[in-house]
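Take 1 as the starting number for the sequence shown in full-length UniProt numbering and just add one per residue. Idealized CB from N, CA, C, for every residue including glycine. Just so you know, these numbers come straight off a predicted model, no measurement behind them. Below is one structure, written out as structure tokens; comments come after it.
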Amino acid sequence: MRFPSIPTLLRTFYAFSNATTRSAPQALHPSIRPSLVKSMPTIPFLGSLFSSSTSKTMTYPLQKSDDEWQAQLSREQFRVLREKGTEAPFTGKYDKHAPDAGVYTCAGCSAPLYRANHKFKSGCGWPAFFDAIPGAVTRHTDSTFGMQRTEIVCSNCGGHLGHVFKGEGYKTPTDERHCVNSVSMNFSKDDPVVEGGAKQSKA
Numbered sequence: 001m002r003f004p005s006i007p008t009l010l011r012t013f014y015a016f017s018n019a020t021t022r023s024a025p026q027a028l029h030p031s032i033r034p035s036l037v038k039s040m041p042t043i044p045f046l047g048s049l050f051s052s053s054t055s056k057t058m059t060y061p062l063q064k065s066d067d068e069w070q071a072q073l074s075r076e077q078f079r080v081l082r083e084k085g086t087e088a089p090f091t092g093k094y095d096k097h098a099p100d101a102g103v104y105t106c107a108g109c110s111a112p113l114y115r116a117n118h119k120f121k122s123g124c125g126w127p128a129f130f131d132a133i134p135g136a137v138t139r140h141t142d143s144t145f146g147m148q149r150t151e152i153v154c155s156n157c158g159g160h161l162g163h164v165f166k167g168e169g170y171k172t173p174t175d176e177r178h179c180v181n182s183v184s185m186n187f188s189k190d191d192p193v194v195e196g197g198a199k200q201s202k203a
């Protein structure tokens with residue numbers, strides 16, 4: 001029996017996960033037909049079964065209403081950062097981005113999140129980091145899709161970044177993989193990080 005390739009499995013999971021969110025994905029991988037995703041039925045109980053995250057009950061230093069976030073962010077940024085969506089694998093602008101120096105910042109509030117030297121090649125289809133700037137990222141339990149995962153959000157605005165996985169055997173100092181959506185970040189060649197942690201955004 002021949003099993004689907006990893007990229008195919010990732011694209012299938014992406015299509016299913018985004019069919020259960022409030023907004024349809026704006027940009028799909030070329031191999032995923034939009035008509036297929038649109039034709040998938042929306043089952044009411046799936047929303048409650050697959051949308052549990054402790055980050056929804058947390059408060060963060062930077063507070064904005066959904067209307068304010070929608071005015072500031074693109075539709076795709078809002079879907080991922082504020083509605084906890086996921087961009088299609090192997091499509092993000094930072095997936096293969098490999099600078100020698102610089103800092104990745106939150107696309108919602110510009111708070112520094114990851115240094116360039118935290119990034120490594122994982123082949124997972126999303127930017128991968130083995131560590132974050134101290135205090136920049138907050139972890140929460142995510143029970144969506146009937147599984148226990150660790151969600152990571154920006155500590156300043158609560159924007160959804162992705163998930164962190166541990167013990168996968170990568171040869172990194174922490175044996176962790178912060179799997180982050182490219183759309184959740186921006187990149188700066190300058191290092192805005194101050195000694196002792198992340199500089200707070202004034203956005």
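Exercise for the section: Take W126 and list the residues in its own chain whose beta-carbon comes closer than 8 Å to its own, dropping the five residues that flank it on each side. Expected result: Indexing the sequence shown from 1 puts residue 126 at position 126. Excluding positions up to five away in sequence, the list reads E87, P89, G92, D95, G162, C179, V180, N181 and S182.
Problem - Helix, strand or coil at S182 [DSSP, three-state] - result: Here residue 182 refers to the residue found at position 182 of the sequence shown. Helix.
Handout entry: Residues bridged to G162 [DSSP beta-bridge criterion]
Key = What you label residue 162 is simply residue 162 of the sequence shown in a count that begins at 1. According to DSSP, G162 bridges with I152 and V180.
Exercise for the section: Run the CB neighbour count on M185, radius 10 Å, all protein chains shown included, and call it buried at 16 or more, exposed below. Expected result: Numbered from 1 along the sequence shown, position 185 holds the residue referred to as residue 185. The residue is buried, with at least 16 neighbouring Cβ atoms inside 10 Å.
Problem - Contact set for T105: own chain, Cβ-Cβ below 8 Å, skip 5 residues either direction - result: Counted from its first residue, the sequence shown places residue 105 at position 105. For T105, where only same-chain residues beyond five positions count, the Cβ hits under 8 Å are A111, P112, L113, M185, N186, F187, S188 and P192.
Handout entry: E176, buried or exposed, once every other Cβ within 10 Å from all chains shown has been counted against 16
Key = Translated into the one-based positions of the sequence shown, residue 176 becomes position 176. Label assigned to E176: buried.
Problem - Terminal residues of the beta strand (DSSP E) in which L81 lies - result: Locating residue 81 in the sequence shown gives position 81, counting from the first residue. Segment R75 to L81 is the alpha helix (DSSP H) holding L81; no beta strand (DSSP E) there.
Exercise for the section: List the DSSP bridge partners of Y114. Expected result: Residue 114 sits at position 114 when you count from the first residue of the sequence shown. Under DSSP, the beta-bridge partners assigned to Y114 are Y104.
Handout entry: Top-ranked residue by Cα proximity to H140, from G146, S155 and F130
Key = Residue numbering aside, residue 140 sits at position 140 when the sequence shown is read from its first letter. The option with the nearest alpha carbon to H140 is S155.
Practice task
Determine the direct distance from the alpha carbon of F145 to that of I43, and round the result to whole angstroms.
Solution key: On the sequence shown, residue 43 is found 43 positions in, with the first residue counted as 1. On the sequence shown, residue 145 is found 145 positions in, with the first residue counted as 1. Summary for I43: the model assigns pLDDT 37, below 50, so the residue's position carries little reliability; its value from the coordinates is reported in the next sentence. So the two alpha carbons sit approximately 14 Å from each other.
Practice task
Specify, as a first and last residue, the run of the beta strand (DSSP E) that D142 falls within.
Solution key: Residue mapping note: residue 142 aligns to position 142 of the sequence shown, counting from 1. In the DSSP assignment, D142 falls within the unbroken beta strand (DSSP E) covering V137 to D142.
Exercise for the section: May I ask you to list the residues that DSSP assigns as paired with S65? Expected result: The sequence position of residue 65 within the sequence shown is 65, counting from 1. BP columns for S65 are empty, so no partner.
Exercise for the section: Could you give the DSSP three-state label for F145: helix, strand or coil? Expected result: Within the sequence shown, the letter at position 145 stands for residue 145. Reduced to three states, the DSSP call for F145 is helix.
Handout entry: Where A71 sits in the DSSP three-state scheme
Key = On the sequence shown, residue 71 is found 71 positions in, with the first residue counted as 1. Helix, per DSSP.
Problem - G159, buried or exposed, once every other Cβ within 10 Å from all chains shown has been counted against 16 - result: Here residue 159 is taken as the residue at index 159 of the sequence shown, counted from 1. With 16 or more other Cβ atoms within 10 Å, it is buried.
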